[in-house]
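Taking mature numbering (1 follows the signal peptide of the UniProt record, and there is no 0), I'd label the letters of the sequence shown as residues -19 to -1, 1 to 357.
Virtual Cβ for every residue (Gly too), placed ideally from N, Cα, C.
None of these values were measured; they are calculated from a predicted model.
Right, one structure below, let's go through it.
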Amino acid sequence: MRLLLACALVAACAAAASASCDKELLNELSVYVNGNNINFPCASTEKIYKKSGLYIPKNIIATRVQISGSDVFVATPRLREGVPFTLSKLNLKDKDCAPTLVPWPCWSQQEEGNCDALQSVVDLFLDVNDILWVLDVGIVNTLDNPIRRCAPKVVGYNIKTGKLVKSIDLSGLVCASSRLQYLVVDYTPDGKCYLYVSDAATRAILVYDITANRGFRVVLPKAVLLGGANRDVLYLALIRRPDNNNLIVFTYLSSCRLFAIKSCNLRRGSVNGVVADVGPKNGKIVILGTDGASNLFFRSKGGSDIYMWNAETCFKPDNFQLVQHGNDCRLATQVVPGYKRLMWVIESNFNDYIQNQVGCLGAQVVLHPLVKSCED
């Protein structure tokens, strides 16, 4: 008999604790994110959006999330035309298997071409002070006919009120070839907030000091391209440590090695002699996220099984724990801590979406607790 084990990985303890659950409970907690089920101000607005091509349900795909209580903040980047909003919210207590996506914080913040609004959100980070930081690259229709609507920016919203608390124009930190991809946020022991953004095309990490309102670029050593790596996807992940010597773990998808740097060194603006070679990768891996502490989640490129590595141990296969057997039809794009003190994973047929082969029903996106299949 096959059982499903929900991995209750409590971030505060940075421990991998398993809580057993049956298929019925797993199904109860799973939600399907669908572009056909969204909240418009009224029926006439929906009709206008559809008629004008501003709303094409099959072109909506959720790729990144952050969870606070039962609220899930969802990034739907404008990879193709017809995506009416790029940041929304759903609630896990919604009894429908496909909860309604509600544009967040409001519809006026979703207007394409309005540089005071959001253009294309590619990553989210919820910090310890309930500020949702949003990375907006400013480019829409990325997969078909890329159009730069506005400068790239990071904005911060208070999740309790939905109010904008900070907007950071990144145009002074990028160049024409920049490709911003991932965002992490860290606080110093004295409470200062720093943002870190990966720029894959220029082999750099953008660092922004919120308190001082200034930022700079940190160019990474050429060694991060060992093995003939392309400047394809530059993953970032924040490893928190009890002694506050937090790490930024990073790697290119096609790189043969994993690297890390202490966030305190990155804030100084120099990486000479302070980038650590964590170890060789067994093939190309996709970094999915952390538990908010020292556990890093990843999968192999094209592989659906999800593994966990504790950053306090050596980066080698003996220390990789299989935490979920994958689904043949979907690949995980992120793992995050959240509701009911569980780790959650968002999966989709993203490869089909990229190839424009999702059909009229659109992308198959599901958010559910991280689970592991095993033999009883």
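CB-CB length for residue i against residue j, believed under 8 Å
i	j	result
Gln162	Val214	6 Å
Gln315	Ile327	5 Å
Tyr189	Ile149	6 Å
Ala56	Val103	7 Å
Cys341	Lys39	6 Å
Val14	Val346	4 Å
Leu105	Arg195	About 23 Å separates the two Cβ atoms, so there is no contact after all.
Ala348	Val53	For the sequence presented, residue 348 should be read as Leu rather than Ala. Going by Cβ atoms, the distance from Leu348 to Val53 rounds to 7 Å, so yes, they are a contact pair.
Gln305	Leu277	That belief does not hold up - the Cβ atoms of Gln305 and Leu277 are roughly 14 Å apart, past 8 Å.
Ile186	Val178	7 Å
Val317	Gln47	6 Å
Leu164	Tyr138	Not confirmed; about 14 Å, so no contact.
Lys265	Leu239	Going by Cβ atoms, the distance from Lys265 to Leu239 rounds to 11 Å, so no, they are not a contact pair.
Reduced DSSP category for residue i - H, G, I as helix; E, B as strand; rest coil
i	result
Gln90	helix
Asp299	helix
Tyr30	helix
Cys245	helix
Pro38	helix
Asp52	strand
Glu293	coil
Asn332	helix
Gly273	coil
Leu351	coil
Gly319	strand
Thr232	strand
Thr183	helix
Ala24	helix
Gly260	strand
Leu154	helix
Asn8	helix
Trp85	coil
Asp104	strand
Ala313	strand
Lys147	strand
Asn337	coil
Leu60	coil
Arg160	coil
Val14	strand
Asn253	coil
Val109	coil
Tyr168	strand
Lys74	coil
Cys174	strand
Own chain, CB closer than 6 Å to residue i, minus 5 neighbours either side, in chain order
i	result
Glu268	The sequence given here places Ile at residue 268; Glu does not occur at that position. Correct list, in chain order: Tyr216, Ala218, Phe279.
Arg311	Glu328, Ser329, Asn330
Thr123	Leu60
Phe301	Tyr288, Trp290
Ala182	Ser158, Ser159, Arg160, Arg212
Asn17	Pro38
Ile128	Val121, Asn122
Trp85	Leu68, Ser69, Lys70
Tyr320	Ile48, Ser51, Leu73
Same chain, Cβ closer than 8 Å to residue i, neighbours up to 5 away in sequence not counted
i	result
Ser236	Val205, Leu206, Leu207, Gly208, Ala210, Lys262
Ile242	Leu228, Ile229, Phe231, Val252, Val255, Val256, Ala257
Lys74	Ser51
Gly153	Gly196
Glu27	Phe21, Tyr36
Environment of residue i [buried if 16+ CB atoms lie within 10 Å]
i	result
Lys70	buried
Val64	buried
Asp167	buried
Ile41	buried
Gly250	exposed
Met(-19)	For Met(-19), the predicted model reports a pLDDT of 29, less than 50, meaning its position is unreliable; a value from the coordinates is still stated below. Met(-19) comes out exposed.
Ile29	exposed
Asp299	exposed
Lys141	exposed
residue 362	Residue 362 lies beyond the stretch modelled for the chain, which goes from -19 to 357, so this question has no answer here.
Ser244	buried
Glu93	buried
Asn246	buried
Val200	exposed
Arg221	buried
Cys131	buried
Val115	buried
Leu303	exposed
Ser25	exposed
Val109	exposed
Pro170	exposed
Own chain residues within Cβ distance below 7 Å of residue i, not counting five before or after
i	result
Leu35	Gly63, Pro65
Ile335	Leu124
>> To test your reading of the DSSP string, which unbroken beta strand (DSSP E) runs of 3 or more residues are found completely within the stretch 117 to 144?
In response: Taking only runs of at least 3 residues, the beta strand (DSSP E) segments lying wholly in the stretch 117 to 144 are 134 to 139.
> Which whole runs of the beta strand (DSSP E) in the stretch 192 to 220 are 3 residues long or more, in chain order?
Replying inline: Complete beta strand (DSSP E) runs here, min 3: 195 to 200, 215 to 220.
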